[in-house]
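Q: These protein sequences, in sequence, are chains A and B.
Take the first sequence: its letters are residues 66 to 318, numbered as in this note's numbering.
Take the second sequence: its letters are residues 10 to 328, numbered as in this note's numbering.
Where is the CB? At the ideal position from N, CA and C, for every residue including glycine.
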Amino acid sequence: MNLHAVRAIYLFEMARTRRTLLQSVLAPVISTSLYFVVFGSAIGARIPEVGGVSYGAFIVPGLVMLNLLTQSVSNASFAIFFPKFSRTIYELLSAPVSHFEIVLSYVGAAATKSILLSLIILATAAFFVPLRIEHPAWMLFFLVLTALSFSLLGFILGIWADNFEKLQLVPLLVITPLTFLGGSFYSIDMLPPAWQTVTLFNPVVYLVSGFRWSFYGSADVAVGVSLGMSLLFLAVFVAIVTWIFRTGYRLKP
Amino acid sequence: MQPIISISGLAKTYDSGFVALKGVDLDIRPGEIFALLGPNGAGKTTLISIVCGLVRPSAGQVTVAGHDIVRDYRAAREMIGLVPQELTTDSFETVWNTVSFSRGLFGRPPDPAHIERVLKDLSLWPKKDSKLITLSGGMKRRVLIAKALSHEPRVLFLDEPTAGVDVELRRDMWQLVRRLRDTGVTVILTTHYIEEAEEMADRVGVIARGELILVEDKATLMRKLGGKQLTLQLARPLAQIPPALAHYGLSLAKGGREILYRYEAEREETAIVDLLQELGAAGIGFADLHTTQRSLEDIFVSLVAEPDAAEAAEAGKQP
């Protein structure tokens, strides 16, 4: 294994985050704080408890998941798109690096960034609402699993996109709406029966539900199903990345 | 001598149907400077890109120091440094960081002393902490070379290395390439500047329409195909060449005030003496004379312009 290369790419990506610390960390923390102020304090004070927890505390896992998904996708997609855009990718493709090592370093860096950010947001939430985590190990497991899966998705999008508009297309038009409609701010029990069924086709429901279970021990869908769906996403994205490297799709003519 | 790069039957057809390479065979000798010449779209960059792993071959095999570029890609690529044609750099990185990154990417442990040596060799040391976006085009070109040399490659590909750089920098780069060759590095360069190939190359390959139409030692090529021309400035203009001199294939220029005689220096050592004697016997006096030799550029243009010229070149190789 070319560990020097993995280290070089990983540190290179992390250094980029340090250079853009304000944009990378401060912006998501401020926007999440605003969610807590608006939904947790202003509106949440008028909403009764959901599943035995205050509304402010109820939305914490959803908000963390919202950030985790969007940050994982955008970090990884930009990380591989930018070398394509600036054409510096020639160096990566001509280096003695395996496909696995490329994915490991880029996805590893993107996942690290989004996990760190999620933990920062979690710490920020603790200032606004009383927070408890019943299954911390499972919480970390879901966090890491989701970060890896959606960093892989971001990596795929970064390779697929051939302009900045496409790069933003999926996060803005798919990921964010699905997350908002995936039970981040409500329990699906609160929906009419027909919409409850429709919601089950939203994959983000399973991610939010499993993650919320690790906090409060209750979930919209069985935690085993959430776990299975999370692993399924990982498997699908791994399969797509494998296909990309095998065929050279948008990387090697 | 075992070739450092061995290319056999290499072909590439892009998805668009464009045939970039049609079964190229080529051996590169260790430690040589090999210039690959060819017009735009001839297949030069595709050939380099396949060897470096940027483009997938449709057919054929390439080995680098015996390592197959597909099956044993790690060992093959570790030996190669590539300087691309385009000025592609990470704008917001510093010179030091981007060169150090390249070394790690190619599997080498950090070695600040080597990076310092490379940057000093390329006159980049004073700029080591500068961001690439602040550098001139020439400096960026040097950075790309520094990146390619950061992992101490045994083979260096230079794809149009001096495109768009000033004369001084071009001379600097030529010196650098020679120094690299002196340390045993094999250099393969593509260039539009025939002067560059003529100045530096040990061997020259000419590629056109996806086919390697000629590979020859530069000196041999110049000797074989670099025909000479004798120009005689006549004392009095001539209306026509006397029939007795027809077998020399002479032609008149400048309204009959000059006689032009094209000859192969290697084959016709005594022809000029004979010609001058016959001109004297025919009563044709001349005021001055000079000879000129075809440059590599003339040879190149004639080779790629005329498909049949390759056959002529091949015929020229026959003893």
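1) Determine the extent of the beta strand (DSSP E) in which B:H299 is found, giving its start and end residues.
2) Across which residues does DSSP place B:H212 in a beta bridge pair?
3) With A:E78 as the anchor, note down where its alpha helix (DSSP H) starts and where it stops.
4) Kindly indicate the opening and closing residues of the beta strand (DSSP E) around B:F166.
5) I need the straight-line Cα distance from B:A318 to B:L46, nearest angstrom please.
6) Buried or exposed: B:A322, going by 16 or more other Cβ atoms within 10 Å of its Cβ?
7) When you check each C-beta in the segment 126 to 149 of chain B against every C-beta of chain A, which residues fall closer than 8 Å?
8) By DSSP's criteria, B:L198 is part of a beta bridge. Which residues make up the other side?
9) Suppose contacts are defined by Cβ-Cβ distances below 8 Å. Is B:A20 in contact with B:L30 by that definition?
10) From what residue to what residue does the alpha helix (DSSP H) around A:Q233 run?
11) Within the same chain, show all residues whose beta-carbon is closer than 6 Å to that of A:A304, passing over the 5 residues directly before and after it, in chain order.
12) Which residues in chain A sit within 8 Å of B:R65, going by Cβ to Cβ distance?
13) Of all the CB atoms in chain A, is at least one closer than 8 Å to the CB of B:F309?
14) Using the three-state DSSP reduction, which class does B:A172 fall into: helix, strand or coil?
15) With a threshold of 8 Å between beta-carbons, can A:H164 be considered close to chain B, or not?
16) Under a Cβ-count criterion, where at least 16 other Cβ atoms within 10 Å of its own Cβ denotes burial, should B:V176 be classed as buried or exposed?
17) Secondary structure at B:A248, three-state DSSP: helix, strand or coil?
18) Would A:W260 be called buried (16 or more neighbouring beta carbons within 10 Å of its own) or exposed?
19) Measuring CB to CB, does B:F101 end up less than 8 Å from B:K140?
20) Distance check for A:A144 and A:V306, CA to CA, integer angstroms please.
21) Within this structure, are the beta carbons of B:I216 and B:K53 separated by less than 8 Å?
22) Any C-beta of chain A sitting closer than 8 Å to the C-beta of B:T98?
23) Rounded to whole angstroms, what's the CA-CA distance from A:P268 to A:Y281? Just pull it up for me.
24) Residues of chain A with CB closer than 7 Å to the CB of B:G113, please, in chain order.
25) Roughly how many angstroms separate the alpha carbons of B:G325 and A:Y171, rounded to a whole number?
26) Assuming contact is defined by CB atoms lying nearer than 8 Å, are B:L63 and B:F166 in contact in what I supplied?
27) How would you write the range of the alpha helix (DSSP H) that B:K156 sits in, first residue to last?
28) Applying the 10 Å Cβ sphere with the 16-neighbour rule, what's the burial state of A:I95?
29) Using a Cβ-Cβ cut-off of less than 9 Å, give me the residues of the segment 149 to 160 of chain A that come near chain B, in sequence order.
30) So, is B:W105 buried or exposed, given that buried needs 16 or more other C-beta atoms within 10 angstroms?
31) Can you tell me whether DSSP reads A:K178 as helix, strand or coil?
32) According to the neighbour-count rule (16 or more other Cβ atoms, all chains shown, within 10 Å of its Cβ), is A:I108 buried or exposed?
33) Taking 7 Å as the cut-off, is the CB of A:S159 close to at least one heavy atom of the ligand NAP?
34) How about A:R197: is its C-beta nearer than 8 Å to some C-beta of chain B?
A: Per the coordinate set shown:
1) F295 to Q302
2) The residue you asked about is not His; residue 212 of chain B is Arg in the sequence shown. Per DSSP, B:F43 and B:D226.
3) L68 to R84
4) V164 to D168
5) Annotation note: pLDDT 47 at B:A318 (below 50); position unreliable, coordinate value reported separately. C-alpha separation (whole angstroms): 15 Å.
6) Unreliable placement is indicated for B:A322, whose pLDDT of 44 sits below 50; the coordinate value is still reported in the next sentence. By the 10 Å Cβ count, B:A322 comes out buried.
7) none
8) B:A44 and B:L167
9) yes
10) F229 to V235
11) none
12) G313, K317 and P318
13) no
14) coil
15) no
16) exposed
17) coil
18) exposed
19) yes
20) 15 Å
21) yes
22) yes
23) 21 Å
24) H69, A70, R72 and A73
25) Because the pLDDT at B:G325 is just 42, under 50, the model does not fix this residue reliably, and the value given afterwards should be weighed accordingly. Distance between the alpha carbons of B:G325 and A:Y171 is about 55 Å.
26) no
27) G146 to L158
28) exposed
29) S151, R152, T153, I154, Y155, E156, L157, L158, S159 and A160
30) buried
31) helix
32) exposed
33) With respect to the ligand NAP, the structure shown offers nothing to examine, as it has no ligands at all.
34) no
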